[in-house]
Amino acid sequence: DGSNQRRVTNHPALDALPSWSQDSKRIVFVSDRVRKGQRRLFVVNANGTSLRMLSKGAYDMSPDWARG
């Protein structure tokens, strides 16, 4: 509903296209924080901890969680 918003990333690079996990505990997103113009997928806990890169490709887009 948009209430209780807070920042979970704090990086000058582009962090975009977030997608919540089905259990609402993690967020996957696209970022060019490794190299400007090269977008990779990252995941972070909803509280902003445990950020990690998921992909090594230079142009990953449109993150989404697999259903199953």
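For the sequence shown, the positions run 10 to 77 when my numbering is used. Every residue gets a Cβ at the ideal spot worked out from N, C-alpha and C, and that includes glycine.
Option in Trp29, Ser40, Asp32, Ile36 with minimal Cα separation from Lys65: In the sequence shown, residue 65 corresponds to position 56, counting from 1. Nearest of Trp29, Ser40, Asp32, Ile36 to Lys65, Cα basis: Ser40.
Going by other Cβ atoms of all chains shown within 10 Å of its Cβ, with 16 needed for buried, is Pro21 buried or exposed? Here residue 21 refers to the residue found at position 12 of the sequence shown. Pro21 comes out exposed.
Would you mind stating whether Val37 and Val17 have Cβ atoms separated by less than 8 Å? One-based indexing of the sequence shown puts residue 37 at position 28. One-based indexing of the sequence shown puts residue 17 at position 8. Not closer than 8 Å, so no.
Which residue's Cα is closest to the Cα of Arg35: Gly57, Gly11, Asp10? Walking along the sequence shown from the start, residue 35 turns up at place 26. Comparing Cα-Cα distances from Arg35 to each of Gly57, Gly11, Asp10, the minimum goes to Gly57.
Leu50 vs Leu63 beta-carbon contact at 8 Å: Sequence index remark: in the sequence shown, residue 50 carries index 41 (1-based). Sequence index remark: in the sequence shown, residue 63 carries index 54 (1-based). Result yes, Cβ atoms of Leu50 and Leu63 sit closer than 8 Å.
Backbone CA spacing between Gln47 and Ser12 [nearest angstrom]: Locating residue 47 in the sequence shown gives position 38, where the first residue counts as 1. Locating residue 12 in the sequence shown gives position 3, where the first residue counts as 1. Whole-angstrom Cα-Cα distance: 32 Å.
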